[in-house]
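Okay, structure first, notes after.
This is the structure:
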């Protein structure tokens, strides 16, 4: 349903081809969007351990077996995204949680023609680091001031 709705939006508003990116934590959505319209810019969104833990590190499940099962799924998803899903989905960028971005990570993906975009970069120091050291794009909740972190 999401892909059909997005495809309709691109038909109604062709300017979106130059002004937007379709991104998702779910590789199947990105893959289906690229299949529906190869002119749409797409990105995979990723945060390691997002299936088993919330953004602040708290486990999603109280049940040990369920938690460990989803941790195993996290490992498989992480490996898949970094090994072949990026190519299969035809992405132009990775949107990755800021705590997992390094110079080597940016360099690695740049060599493959993939842009790394960190989220959510909210402090002046972080913004300066991404701009001057990593020379990488970022998503922020605040353009002018520091603000509280969001997970």
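In the numbering used here, the protein residues as written are 4 to 154. Built from N, CA and C at the ideal position, the CB exists for glycine as well. These numbers were taken from a predicted model, which means no experiment stands behind them.
Span separating the alpha-carbon of residue i from that of residue j
i           : j           : result
residue 38  : residue 91  : 10 Å
residue 126 : residue 18  : 31 Å
residue 20  : residue 48  : 19 Å
residue 95  : residue 118 : 6 Å
residue 25  : residue 11  : 13 Å
residue 67  : residue 81  : 21 Å
residue 14  : residue 115 : 30 Å
residue 75  : residue 102 : 21 Å
residue 110 : residue 62  : 31 Å
residue 83  : residue 97  : 13 Å
C-beta atoms of residue i and residue j nearer than 8 Å
i           : j           : result
residue 28  : residue 56  : no
residue 70  : residue 30  : no
residue 137 : residue 106 : yes
residue 124 : residue 141 : yes
residue 50  : residue 58  : yes
Chain-order list of residues whose beta-carbon lies under 7 Å from that of residue i (same chain, five-residue window excluded)
i           : result
residue 5   : 32
residue 93  : 37 and 45
residue 100 : 50 and 122
Residues near residue i in its chain [Cβ-Cβ closer than 8 Å; skip 5 each side]
i           : result
residue 22  : none
residue 41  : 93
residue 64  : 55, 70 and 73
residue 149 : 125, 126 and 127
Counterpart residues of residue i in DSSP-defined beta bridges
i          : result
residue 62 : 56
residue 27 : 47
Sequence-distant residues of the same chain with beta carbon closer than 6 Å to residue i, five excluded per side
i           : result
residue 113 : none
Open item on the list: Which runs of the alpha helix (DSSP H) at least 4 residues long sit entirely within the stretch 83-145? Give them in chain order.
Closed with: If we require 4 residues or more, the alpha helix (DSSP H) runs fully inside the stretch 83-145 come out as 106-113 and 127-131.
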